[in-house]
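K.L.:
Take the sequence shown: its letter number 440 is residue 440 in the UniProt record's numbering, and every next letter is one higher. Every residue, glycine too, gets a C-beta built ideally from N, C-alpha and C.
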Amino acid sequence: MKKSLVVLFALTLCSSFVLAQNKVTVVTLQNTKESPTISKHIYGHFAEHLGRSIYGGFFVGDTSKIPNTNGVRNDIIKALKELQIPNLRWPGGCFADTYHWKDGIGPKEQRPTIVNKWWGGTTEDNSFGTHDFLNLCEALGAEPYLSGNVGSGTVQELADWVQYTNFSGKSPMSDLRQKNGRTAPWKVKFWGIGNEAWGCGGNMTAEYYAGEYRKYATFMSDWENTGGITRIASGSNSADYNWTEVLMKNIPLNMLGGVGVHHYAVIDWNKKGDGVDFTENQYFQTMKSALKMEELVTKHGAIMDKYDPEKKVAIMVDEWGAWYEVEKGTNPGFLYQQNTMRDAVLAGATLNIFNNHADRVRMANLAQCVNVLQAVILTDKAKMIVTPTYHVMKMYSVHQEAKLIPVTFQSPNYTFNGETLPAVSVSASKNNNGTIHISLVNLDTKNKNTIEIAVNELGVKNFTGTILSSAKLQDYNSFDTPNKITTNTFKGFENKNGKLQITIPPFAVVVLEGK
Ligand code: AHR
1 MKKSLVVLFA LTLCSSFVLA QNKVTVVTLQ NTKESPTISK HIYGHFAEHL GRSIYGGFFV
61 GDTSKIPNTN GVRNDIIKAL KELQIPNLRW PGGCFADTYH WKDGIGPKEQ RPTIVNKWWG
121 GTTEDNSFGT HDFLNLCEAL GAEPYLSGNV GSGTVQELAD WVQYTNFSGK SPMSDLRQKN
181 GRTAPWKVKF WGIGNEAWGC GGNMTAEYYA GEYRKYATFM SDWENTGGIT RIASGSNSAD
241 YNWTEVLMKN IPLNMLGGVG VHHYAVIDWN KKGDGVDFTE NQYFQTMKSA LKMEELVTKH
301 GAIMDKYDPE KKVAIMVDEW GAWYEVEKGT NPGFLYQQNT MRDAVLAGAT LNIFNNHADR
361 VRMANLAQCV NVLQAVILTD KAKMIVTPTY HVMKMYSVHQ EAKLIPVTFQ SPNYTFNGET
421 LPAVSVSASK NNNGTIHISL VNLDTKNKNT IEIAVNELGV KNFTGTILSS AKLQDYNSFD
481 TPNKITTNTF KGFENKNGKL QITIPPFAVV VLEGK
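This is the structure in structure tokens:
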């Protein structure tokens, strides 16, 4: 009897040792010379005329008591500069295909109004227009990404916009720009030819849109002849692979800089759930929808490979992020939602997917920057706070323009209600100074995860870490507790003879730096 107890004890010990061993996820870094550079534009943002994004968000007007530069809040400019925001997409979204840019130039008091058909039916006065936006981008050191109106605009209108913003010679549009106070052109590089042409952009078929695209692209001249403008096609709705196939087949590659993809992490479009008050099941379903991004960029990329094996045309995921019900008591057309640790985990895992597909994904725009959907900044009158998603974007900014280090590993599962998702998400890069960054996410809500990475061949010895975590998944930064969630020094790792052993707590995001 005693003997069998001892055997049982030994077996139990043995099996828990095996289990403990199994919990270590071995990540292999492939330090190859051929790997692509992670475009900084993967870390792009989006500002639509929607709810309190522009008016009451970015733009308070130059007579406001809130400190501002030409009407744009100084606190937002400062926060976005600290984020090293590489590009900003504007003016939409669905709004773009209703927007007539000439309504937003010249003396503000003479500008016509516009009713925002898509977002709350509000009437706006066009006081934030082309000059305001492009000057803001200059102040931020960010590339502007203008979305042109194809749905309700004309070819001439879009061609004129390009001439207005980009031509330094004498022309009707550059004369008009100068009359409006701006001598040098802004030289806008990124141009979207419509938005969601399959939906709010005109309910077009892929074939019809491909024809429209060719026409618009032809007349959007690169005025300075520098090869400096990138024309971007309105891309598919999530997994509409036929859309990408038709565009790639019908648009000559030399007319196409990028093809968009829009994908929102949503539980169910009819029952999106609250942004803060959510269950583990809702968390799981949000993550499941978000992680679909891996499949989307892989499959859209494979279609593009058939027509463009050299990967000249980029995937531009120009709208991504979580979409919940609007915060209770707010205008349903304004898409205002809070931002919790769920959003931080989602952002970390999605950005790892983009990094790991840097050969084809060369731009992405989080929807949206201020006060809309998965915002990085929220405002309430004079108050401004940054969200957990802001912190993740800032932690990950170290990957901008660094060389991707491809990773291979078998993720452990995060299991809920009999369904599984990969619990661990990783990407890594090496910058021009030889500094290594490894970003890691643990999606599991209950179990910590231990990861082992051999780093002895990377030529770096000293590691430091930063973590974003909080006691509860539902935690968020409010206007009363703006720093509830913020980054902290991470000490949960050891370097054992060139092997890093990292233990990440549940629902946390970590970035390690090796020098
Ligand atoms: O980001 C909000 C909206 O989502 C955009 O206006 C539209 O392009 C998408 O459907």
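Take the Cβ of T218 as the centre, count every other Cβ of all protein chains shown within 10 Å, and call the residue buried at 16 or more, exposed below.
P.N.:
Counted from its first residue, the sequence shown places residue 218 at position 218. Result: exposed.
K.L.:
From Q21 to E419, what distance separates their C-alpha atoms?
P.N.:
Residue 21 sits at position 21 when you count from the first residue of the sequence shown. Residue 419 sits at position 419 when you count from the first residue of the sequence shown. Legend: pLDDT at Q21 = 40, less than 50; position of this residue unreliable, value from coordinates given subsequently. Taking the straight line joining both Cα atoms gives about 23 angstroms.
K.L.:
Using the Cα positions of K187 and N166, report the straight-line distance between them to the nearest angstrom.
P.N.:
In the sequence shown, the residue the question calls residue 187 occupies position 187. In the sequence shown, the residue the question calls residue 166 occupies position 166. Looking at the two C-alpha atoms, the distance is approximately 4 angstroms.
K.L.:
Excluding sequence positions up to five away, which residues of its chain have a Cβ less than 8 angstroms from the Cβ of Y241?
P.N.:
Taking the sequence shown and counting its residues from 1, the one referred to as residue 241 is at position 241. Answer for Y241: K299, H300 and I303, listed in chain order.
K.L.:
Would you decide whether S174 is buried or exposed? Buried here means 16 or more other CB atoms lie within 10 Å of its CB.
P.N.:
On the sequence shown, position 174 is the one that residue 174 refers to. So S174 counts as buried.
K.L.:
What residues in its chain sit with their C-beta under 6 angstroms from that of N250, if we drop five residues either side in the sequence?
P.N.:
For this step, residue 250 is matched to residue 250 along the sequence shown. Excluding positions up to five away in sequence, the list reads A210.
K.L.:
Mind listing, in chain order, the continuous beta strand (DSSP E) runs of no fewer than 3 residues lying wholly within the region 414–485?
P.N.:
With a minimum length of 3 residues, the continuous beta strand (DSSP E) runs that stay inside the region 414–485 are 419–422, 424–430, 436–442, 449–454 and 463–468.
K.L.:
What residue ranges within the region 123–181 form continuous alpha helix (DSSP H) runs of no fewer than 4 residues, ordered along the chain?
P.N.:
Within the region 123–181, the complete alpha helix (DSSP H) runs of at least 4 residues are 130–140, 155–166 and 172–179.
K.L.:
Measuring CA to CA, which of G151, L136, S152 and G153 is closest to Y145?
P.N.:
Within the sequence shown, numbered from 1, the residue matching residue 145 stands at position 145. Out of G151, L136, S152 and G153, L136 has the C-alpha closest to the C-alpha of Y145.
K.L.:
When the distance is taken between beta carbons, is P412 closer than 7 angstroms to A423?
P.N.:
By 1-based counting over the sequence shown, the position of residue 423 is 423. By 1-based counting over the sequence shown, the position of residue 412 is 412. Going by C-beta atoms, A423 is nearer than 7 angstroms to P412.
K.L.:
State the start and end residues of the unbroken beta strand (DSSP E) segment that holds Y55.
P.N.:
Working through the sequence shown from its first residue, we reach residue 55 at position 55. Run containing Y55: none; DSSP gives neither H nor E here.
K.L.:
Between which residues of its own chain and E327 is the CB-CB distance below 7 angstroms, once the five residues before and five after are set aside?
P.N.:
As a first step, residue 327 must be located in the sequence shown, where it is residue number 327. Excluding residues within five positions, the ones whose Cβ falls inside 7 angstroms are G275, Y336, Q337 and Q338.
K.L.:
What residue range does the beta strand (DSSP E) around W90 cover?
P.N.:
Position 90 of the sequence shown holds residue 90. Element bounds for W90: N87 to W90.
K.L.:
For S236, does the three-state DSSP call read helix, strand or coil?
P.N.:
Taking the first residue of the sequence shown as position 1, residue 236 is located at position 236. Residue state, collapsed to three classes: strand.
K.L.:
Taking 8 angstroms as the cut-off, does the region 27–35 touch the region 97–114 (at least 3 CB pairs, one atom from each stretch)?
P.N.:
At 8 angstroms Cβ cutoff, the stretches do not touch.
K.L.:
Assign S4 to one of three DSSP states: helix, strand, or coil.
P.N.:
Position 4 of the sequence shown, counting from 1, holds the residue named residue 4. Only weak support exists for where S4 lies, its pLDDT of 47 falling under 50; the value from the coordinates is given anyway. If DSSP states are grouped into helix, strand and coil, S4 belongs with the helices.
K.L.:
How many angstroms separate the CA atom of V345 from the CA atom of S171?
P.N.:
Taking the first residue of the sequence shown as position 1, residue 345 is located at position 345. Taking the first residue of the sequence shown as position 1, residue 171 is located at position 171. Distance between the alpha carbons of V345 and S171: 50 angstroms.
K.L.:
Using a Cβ-Cβ cut-off of 7 angstroms (strictly less than) and excluding sequence neighbours within five positions of Q282, which residues of its own chain qualify?
P.N.:
Along the sequence shown, one-based indexing puts residue 282 at 282. I267 and G273, listed in sequence order.
K.L.:
Taking DSSP as the reference, what is the three-state secondary structure of Q410?
P.N.:
Position 410 of the sequence shown holds residue 410. DSSP places Q410 in coil when its eight states are reduced to three.
K.L.:
For V115, is the classification buried or exposed, using 16 other Cβ atoms within 10 angstroms of its Cβ as the cut-off for buried?
P.N.:
Within the sequence shown, the letter at position 115 stands for residue 115. It counts as exposed.
K.L.:
Please list the terminal residues of the continuous alpha helix (DSSP H) segment that includes F46.
P.N.:
As a first step, residue 46 must be located in the sequence shown, where it is residue number 46. That residue, F46, is in no alpha helix (DSSP H); its beta strand (DSSP E) goes G44 to F46.
K.L.:
In terms of DSSP beta bridges, what is D380 paired with?
P.N.:
Here residue 380 refers to the residue found at position 380 of the sequence shown. According to DSSP, which records beta bridges pairwise, D380 is partnered with K383.
K.L.:
Consult DSSP for A10 and reduce its assignment to one of helix, strand or coil.
P.N.:
For the purposes of this step, residue 10 is taken as residue 10 along the sequence shown, with counting starting at 1. Caution is warranted here: a pLDDT of 44 is assigned to A10, below 50, making its placement in the model unreliable, and the coordinate value is therefore given only provisionally. A10: helix per DSSP, three-state reduction.
K.L.:
Between the beta-carbon of V150 and the beta-carbon of G194, is there less than 7 angstroms?
P.N.:
In the sequence shown, residue 150 corresponds to position 150, counting from 1. In the sequence shown, residue 194 corresponds to position 194, counting from 1. In contact: V150 and G194 (Cβ atoms closer than 7 angstroms).
K.L.:
Use the C-beta contact count for A382: other C-beta atoms within 10 angstroms, 16 or more gives buried, fewer gives exposed.
P.N.:
Walking along the sequence shown from the start, residue 382 turns up at place 382. With fewer than 16 Cβ atoms within 10 Å of its Cβ, A382 is classed as exposed.
K.L.:
Straight-line CA distance for W90 to T230?
P.N.:
Translated into positions along the sequence shown, residue 90 becomes position 90. Translated into positions along the sequence shown, residue 230 becomes position 230. Cα to Cα, W90 sits roughly 15 angstroms from T230.
K.L.:
Could you check whether the Cβ of G93 sits closer than 6 angstroms to any heavy atom belonging to ligand 3?
P.N.:
Questions concerning ligand 3 fall outside what the structure shown contains, since the ligands it does hold are ligand 1.
K.L.:
Spatial neighbours of N87 within its chain, please: CB distance less than 6 angstroms, with the 5 preceding and 5 following residues excluded, ordered by chain position.
P.N.:
Here residue 87 corresponds to residue number 87 of the sequence shown, with the count starting at 1. So the qualifying residues of the chain are H41, G44, A142, E143 and Y145.
K.L.:
If you draw a straight line from the alpha carbon of residue 523 to that of D359, how long is it in whole angstroms?
P.N.:
Nothing about residue 523 can be read from this structure; the chain reaches only from 1 to 515.
K.L.:
By the 10 Å Cβ neighbour count, where 16 or more other Cβ atoms means buried, how is K403 classified, buried or exposed?
P.N.:
Position 403 of the sequence shown, counting from 1, holds the residue named residue 403. Buried is the call here.
K.L.:
With respect to 6 angstroms, is the separation between the Cβ of E196 and the closest non-hydrogen atom of ligand 1 below this value?
P.N.:
Translated into positions along the sequence shown, residue 196 becomes position 196. Yes - ligand 1 has a heavy atom lying nearer than 6 angstroms to the Cβ of E196.
K.L.:
Answer yes or no: do A349 and V441 have a C-beta to C-beta separation smaller than 7 angstroms?
P.N.:
The residue you call residue 349 lines up with position 349 of the sequence shown. The residue you call residue 441 lines up with position 441 of the sequence shown. Yes, the Cβ-Cβ distance between A349 and V441 is below 7 angstroms.
K.L.:
Return the Cβ separation of V509 and V392 in integer angstroms, given the expectation that the two are a contact with Cβ distance under 8 angstroms.
P.N.:
Looking up residue 509 in the sequence shown gives position 509. Looking up residue 392 in the sequence shown gives position 392. Yes, V509 and V392 are in contact; Cβ-Cβ is about 5 angstroms, under 8 angstroms.
K.L.:
If you draw a straight line from the C-alpha of F17 to the C-alpha of T466, how long is it?
P.N.:
Taking the first residue of the sequence shown as position 1, residue 17 is located at position 17. Taking the first residue of the sequence shown as position 1, residue 466 is located at position 466. Confidence at F17 is low in this model, with a pLDDT of 40, below 50, so the placement of that residue is unreliable and no value is reported for it.
K.L.:
Check this for me: beta carbons of G514 and V426, under 7 angstroms apart or not?
P.N.:
Locating residue 514 in the sequence shown gives position 514, where the first residue counts as 1. Locating residue 426 in the sequence shown gives position 426, where the first residue counts as 1. No, they are not a contact pair.
K.L.:
Pick out whichever of G201, Y264 and I54 has its Cα sitting closest to the Cα of T122.
P.N.:
Working through the sequence shown from its first residue, we reach residue 122 at position 122. Nearest C-alpha to T122: I54.
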